[in-house]
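2 protein chains.
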Amino acid sequence: MLVLVSEHSSTFHAAHPVPRASVELWHDEADVLIVGYGGAGVCAAIEAARSSADTLVLERASGGGGTTAMAGGYLYLGGGTRVQRACGFDDSAENLLRYLEASTNDPDPEMFRIYAEGCVEHFDWLVGLGVPFNDSIHEIRTNQAHTDECLLWSGNEKAWPFCEIATPVPRGHKVADEGDAGPLLFSKLHEAAREAGTRIRYDTRVLTLIVEDDGSVAGLMARQAGKDRAFRARRGVILCAGGFAMDDAMFKRHIPRLAGQVIPIGNPYDDGAGLRMGLGARGAGLHLSDYHITLPFYPPASLTYGIFVNAQGQRFVAEDAYHGRIGELASRQPGGTVYLIIDEPHFDRPEMEGFELAATEGSIADLERALELPQSSLVTSVDFYNRHAAEGADPLFRKQPAWLSPIQDAPFAALECSLGKAPYMVFSLGGLWTLATGEVLSEDGERVEGLYAAGRNSCGIARSAEGYASGTCIGDATFFGRLAGRAAAARVPESDGL
Amino acid sequence: MLVLVSEHSSTFHAAHPVPRASVELWHDEADVLIVGYGGAGVCAAIEAARSSADTLVLERASGGGGTTAMAGGYLYLGGGTRVQRACGFDDSAENLLRYLEASTNDPDPEMFRIYAEGCVEHFDWLVGLGVPFNDSIHEIRTNQAHTDECLLWSGNEKAWPFCEIATPVPRGHKVADEGDAGPLLFSKLHEAAREAGTRIRYDTRVLTLIVEDDGSVAGLMARQAGKDRAFRARRGVILCAGGFAMDDAMFKRHIPRLAGQVIPIGNPYDDGAGLRMGLGARGAGLHLSDYHITLPFYPPASLTYGIFVNAQGQRFVAEDAYHGRIGELASRQPGGTVYLIIDEPHFDRPEMEGFELAATEGSIADLERALELPQSSLVTSVDFYNRHAAEGADPLFRKQPAWLSPIQDAPFAALECSLGKAPYMVFSLGGLWTLATGEVLSEDGERVEGLYAAGRNSCGIARSAEGYASGTCIGDATFFGRLAGRAAAARVPESDGL
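One line per chain: the protein sequences are V and U, in this order.
Under the working numbering, think of the first position of the first sequence as 1, with each following residue one higher.
Under the working numbering, think of the first position of the second sequence as 499, with each following residue one higher.
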């Protein structure tokens, strides 16, 4: 039970599972093995262990947290949470579902419904674990709140067309901590996992899965203390090892359009190894070329009074949309060329570093020339915008009246927002195709027995750059991590029935 | 050698390979097994058989041809073919490569270079097999020529920005036959495959692959004469079973944005089974969410004088681009809403059925109202366009002067080109990640020993809707099918070396 197995250390590839027959000795075993100890892994661990499953987590880093513990600590939750109600917002599961369904062209019916209906319970469950949320709202338009206020308008709720599809309510729930609250969130979850009896092994790099002849997953190979060791999973393996933004090859392969043009974000171990293991064991990939892309031009919120234009001098988005939606649409303009045009009273430097001024001029006509836009293109766009903005209207993209103000007081600035020049930041959203329970499916829709995935090893409810909202990934990872933990703990392998 | 193997017929899934150890008897064997007998399969067969490999093709239909034999019979070839030279066009491998590289944001350096450099030889090889090409050009802008003329401007060569990146030359090479020339092309290839000694079995549906413990591919299971039979591949299996446009589930999973909005095209067996086999055997998927989409609004070519506008009344593309590029950009406009605005002298009904008139009015202002576009948006766009068109310029999208004419003679028409309303047609481009030799790679970039893919089971040089040109798929399938046939025939399995 304590000896290593294989002499082929250097030959392991994540996407090349090891046949069960070649395993001579198991180093360790558990009912449920969890690969990766971030937001998804810790929640899977809590629920698996609470279901009386012997639960073992293998984490590559020397401590837990993953990308969750690096984040602001937002969860995208709704349907009428305690905080939403206390702040006077009337949300419902139906309203949340309508919004989520509008956020992608591919809403998985079962998964989206379960999330919408389960959000309130999930919030209460987190509170029950000691995760604190204040009954307060951060009203300022920003991409990261630094206070301990809870609610943030963290998506496109108030922007068109979403505002016409679902009643706008804020759903970004920040854990009560000043600055980034991810560490506090994770520490509370970690406490709960330990109390539930989870065993955790750090500095343990999972190499690949071990599969039976029938293709079911029997365990995994991991590198620990300089040795390659086999770990047996009596019930199931749950892949929770994060996205692939930090792996140059996978990024280039699946998101070539943006490779080399953006800043990948995540923790250094977001290298897609968990995903590759699942793909190699017959799991189907879903939305692998989808991502979250942000153009963090606000704060300051006042820049929202500007207009984005492309190389044709045309507007293309409601500027009061979430920075992710704007980032996606901006990055798809011809040649990736985009400027934010704004006048003196509303201009201020973006708080995020990396933005440059492309030009400042005394008139829009001069700005148009300086940017080498087609003659009269920008002038025409600004005139059109101003004429309607003066009347509180935006007939093109229905930017909300609160953000409409004619662009008329010189000097005028053009903030450089072109792809490859502005600090666009990206992480991957795609993952393995799973049921809501985390059960991994093949391209035929067949279950890969014994294999589960959650967080960014799975394709959850976060699957579209145009519709992403802050907090969706951690909301999704913690929520579906729990379901996967319970499902794996409850599995009775076929062989047990013999 | 002639008995079936498995009693589990109903349980085979394409993406779930069978372990070699469970195969009790091989029904048949060959050096090279080819799955699917369309353009890729037949070329793989010719080269494998000519390399002295015992070559066996398994085809699900009762005859060969696949989607290649249903097509117009164009191959996208260049670099200075006999026809190009005879028609007075000066192309080179470098010029072709520049164009191909501009057609996608992800040009595989090796694969693209080999294609560009090998095109002339490939053309001559086809001629050597008796495939006829006339030294003539079809000058009319169309999406399908019905004459036996050879050269067609079948891509975006003359449209901006391509015209500035590579010297524009026509590269669509139509096999010399009136009407669709796909059947003639295939019949000549079929003749060559038979002469080379290929064995061909029709009515044979390949079910899944057979893999060794080490993950290498040893053969496949196929359904033949009502029986599930195992076929051994001594050297390799080549997947050439076509795209997945006809499989609703795969289409929805990988191209959800367009599912239910477009007409999938291909032959009924383009159901992705070959692709699923490769994915289940550890092959990585590449560009699975990419596709060719056409908005076949021309012929008549005169409609090119119109302008496309979106729901904001904005133009978004050079209207003299290839219908595939226009289809892609049109389908991505907000809400998918697009109209072609044109005046009386240039209007004619599209030859393709399925287009409706959204409105006809006596003035652009009335047309704007009838289409419920924002007030003065269309008027502004048309004024801007007309002003420059009168001078032979298109400062926004550089439509070429030959197609510029002010839109000024009433009545004015708006042709309905919105996604879901116009007859957009789509097929899948993505496939397995391979080397130029067709060797399939895993997500780790590791070779899946014994497995090859070509045509739309692989991701070749056709990988972008914005850059697609007619004839690329058949050019690519026949070209890389040959390379795969040669590579598989030359493989010496590891076990042979022991």
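Cβ coordinates follow ideal geometry from the N, Cα and C atoms, glycine included.
On a predicted model such as this, the values are computed, not experimentally measured, just so you know.
Inter-residue distance for Ile763/U and Ile364/V is about 48 angstroms (C-alpha atoms, whole angstroms). Per DSSP, Phe231/V is one residue of the beta strand (DSSP E) stretching across Lys227 to Leu239. Under the 10 Å beta carbon count, Val382/V is surrounded by 16 or more other beta carbons and is classified as buried. Of the other Cβ atoms in all chains shown, fewer than 16 fall within 10 Å of the Cβ of Pro268/V; this residue is therefore exposed. In the DSSP annotation of this structure, the continuous segment of the beta strand (DSSP E) that includes Glu361/V starts and ends at Leu357 to Glu361. Here Ala30/V carries a strand assignment [DSSP, helix/strand/coil].
The three-state reading of DSSP puts Pro406/V in coil, since its state is none of H, G, I, E or B. The closest CA to that of Gln582/U, considering only Cys648/U, Ala528/U and Arg611/U, is found on Cys648/U.
Measuring C-alpha to C-alpha distances from Thr437/V to each of Gly36/V, Gly65/V, Tyr115/V and Leu189/V identifies Tyr115/V as the nearest.
Shown here, Thr304/V sits in a helix according to DSSP, grouped into three states. Here Glu117/V has Ala93 as same chain residues with Cβ atoms under 6 angstroms from its own Cβ, once five neighbours each way along the sequence are excluded.
According to DSSP, Asn808/U shares a beta bridge with Val836/U. The Cβ atoms of Cys240/V and Val35/V lie closer than 9 angstroms to each other. Proximity of chain V to Asn603/U at the Cβ level (cut-off 7 angstroms) is accounted for by Pro256 and Arg257, in chain order.
Between the alpha carbons of Gly335/V and Trp658/U lies a distance of about 12 angstroms.
Under the 9 angstroms criterion on CB atoms, Ala513/U is classed as interfacial with respect to chain V.
Listed along chain V, the residues sitting closer than 9 angstroms to Gln810/U by beta-carbon distance are Gln314, Arg315, Phe316, Pro395, Leu396 and Phe397. Within its own chain, the residues whose Cβ lies closer than 6 angstroms to the Cβ of Ala888/U, once the five positions on either side in sequence are excluded, are Pro904, listed in chain order. A Cβ-Cβ distance of about 13 angstroms is found for the pair His292/V and Gly242/V, leaving them out of contact under the 8 angstroms criterion.
The C-alpha of Asp348/V lies about 39 angstroms from the C-alpha of Tyr837/U.
When the Cα atoms are used, His620/U and Phe977/U turn out to be separated by approximately 7 angstroms. Burial of Ser875/U is indicated by the presence of at least 16 other C-beta atoms within 10 angstroms of its C-beta. Counted as a single uninterrupted DSSP element, the stretch harbouring Glu449/V is not any alpha helix (DSSP H) but the beta strand (DSSP E) occupying residues Arg447 to Ala453. Listed along chain V are Pro395 and Leu396, each with a C-beta nearer than 7 angstroms to that of Pro872/U. With 16 or more other Cβ atoms inside 10 Å of its own Cβ, Leu371/V counts as buried. In terms of Cβ geometry, Ala900/U and Asp818/U form a close pair [threshold 9 angstroms]. In the DSSP assignment, the residues bridged to Ile708/U are Val516/U and Gly717/U.
Of Gln906/U, Leu827/U and Gly783/U, the smallest CA-CA separation from Tyr922/U is found for Leu827/U. Per the DSSP secondary-structure output, Ser956/U pairs in a beta bridge with Leu930/U. The beta carbon of Gln812/U is closer than 7 angstroms to those of Ser879 in its chain, skipping five residues each way along the sequence. Within 10 angstroms of the beta-carbon of Asp248/V lie fewer than 16 other beta-carbons, which makes it exposed. Between Thr380/V and chain U, the shortest Cβ-Cβ separation is below 9 angstroms. Apart from sequence neighbours up to five positions away, the residues of its chain that approach Thr602/U with a beta-carbon distance below 7 angstroms are Arg961, Ser962 and Gly965, ordered along the chain. Annotation: Glu941/U to Arg201/V spans about 27 angstroms, alpha carbon to alpha carbon.
Looking at the DSSP output, Phe427/V sits in a beta bridge with His292/V.
With a beta-carbon spacing of about 5 angstroms, Ala694/U and Arg548/U fall inside the 8 angstroms limit used to define contacts.
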